[in-house]
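Read the structure below first, then the notes.
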Amino acid sequence: MQLASLGVCHLQLIDFDTVDESNITTQGYLRCDVGQSKVTALSNFIHQIDPTISVDAVNDRFRSRIDIGNAVFCCVDSISARAAIWRSVQHRCRFWTDGRLLGETIRVLSVTDETGRDHYPSTLFRQSEAHTGCCTARGTIYTANIASGLMLHQFARWLRRQPADADLSFNLLASEITVT
0 MQLASLGVCH
10 LQLIDFDTVD
20 ESNITTQGYL
30 RCDVGQSKVT
40 ALSNFIHQID
50 PTISVDAVND
60 RFRSRIDIGN
70 AVFCCVDSIS
80 ARAAIWRSVQ
90 HRCRFWTDGR
100 LLGETIRVLS
110 VTDETGRDHY
120 PSTLFRQSEA
130 HTGCCTARGT
140 IYTANIASGL
150 MLHQFARWLR
160 RQPADADLSF
170 NLLASEITVT
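Anchor point for the sequence shown: position 139 equals 138 in numbering that gives the first Met the number 0, and the numbering is continuous, going up by one each time.
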């Protein structure tokens, strides 16, 4: 939604999931979206913002054979999916950002240069070490909006040829932000 509002003219959405009621309060979907595929619901919303935006809606899991653009926003709730997507796209995209949420704790990782390419793999771990439950189980819409805003900020910095933050953590409960 924020990329469309920024004026990005082509978006590719890849997701196999459908909107359920919990997504209304945590991800910004509408009640009328419940039961629809997430890519269909989001595509419809994007076209309400600007009907001229080209949206490639892929109602499927990410597959390595899928063509991608220069910028990838990874917003999945499994560390193993992140690792698999990263392995597939790390040499095919110029900008990568990964938003991770746990309640009111946000982590945004961005890769725009060799430093980021070296750092990002060190943030991946075994799925068995991850917190159980989906990322939105204890999430709120404002946390998701802040995370997406931080991801978009890294993207804007990259577009301006400014250095992006490779690893940014924001603990809303403690009002602490850490940048590496």
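Note that beta-carbon positions come from the ideal geometry of N, C-alpha and C, so glycine has one too.
{"Check": "contact_flag[the stretch 155-172, the stretch 40-47] where n(CB pairs < 8 Å) is 3 or more", "Outcome": "no"}
{"Check": "Where N170 sits in the DSSP three-state scheme", "Outcome": "strand"}
{"Check": "Which listed residue (D16, V107, P50 and S36) has its alpha carbon closest to that of A3", "Outcome": "P50"}
{"Check": "Residue from L123, L172, F15 and T104 with nearest C-alpha to D59", "Outcome": "F15"}
{"Check": "Pick from V18, R30, L29 and S79 that is closest to S127, judged by C-alpha positions", "Outcome": "S79"}
{"Check": "Contacting residues, own chain, Cβ-Cβ under 6 Å from V110 (five flanking each side not counted)", "Outcome": "W95, R116 and Y119"}
{"Check": "Spatial neighbours of C134 in its chain, beta-carbon cut-off 6 Å, leaving aside the 5 residues before and after", "Outcome": "Per-residue confidence for C134 stands at a pLDDT of 48, beneath the threshold of 50, marking its modelled position as unreliable; the derived number appears in the next sentence. Correct list, in chain order: D76 and L100."}
{"Check": "Anticipated Cβ contact below 8 Å, T139 with I105, distance rounded", "Outcome": "Not a contact, Cβ separation roughly 11 Å."}
{"Check": "Beta-carbon contacts of S87 that lie in its chain and below 6 Å, excluding the five residues immediately before and after", "Outcome": "S63"}
{"Check": "I176 burial status per 10 Å Cβ neighbour count (16 or more: buried)", "Outcome": "exposed"}
{"Check": "For W95, the residue or residues it bridges with in DSSP", "Outcome": "V71 and V110"}
{"Check": "Burial state of T25, where buried means 16 or more other Cβ atoms lie within 10 Å", "Outcome": "buried"}
{"Check": "Closest residue to I145 among D32, V178, E103 and L29 (Cα-Cα distance)", "Outcome": "E103"}
{"Check": "Whole-angstrom C-beta distance between C73 and A65, which should lie under 8 Å", "Outcome": "The residue you asked about is not Ala; residue 65 is Ile in the sequence shown. Not quite, the Cβ-Cβ distance comes to about 13 Å (not below 8 Å), so this is no contact."}
{"Check": "N-terminal and C-terminal residue of the alpha helix (DSSP H) that T139 is part of", "Outcome": "Per DSSP, T139 belongs to no alpha helix (DSSP H) and is neither H nor E."}
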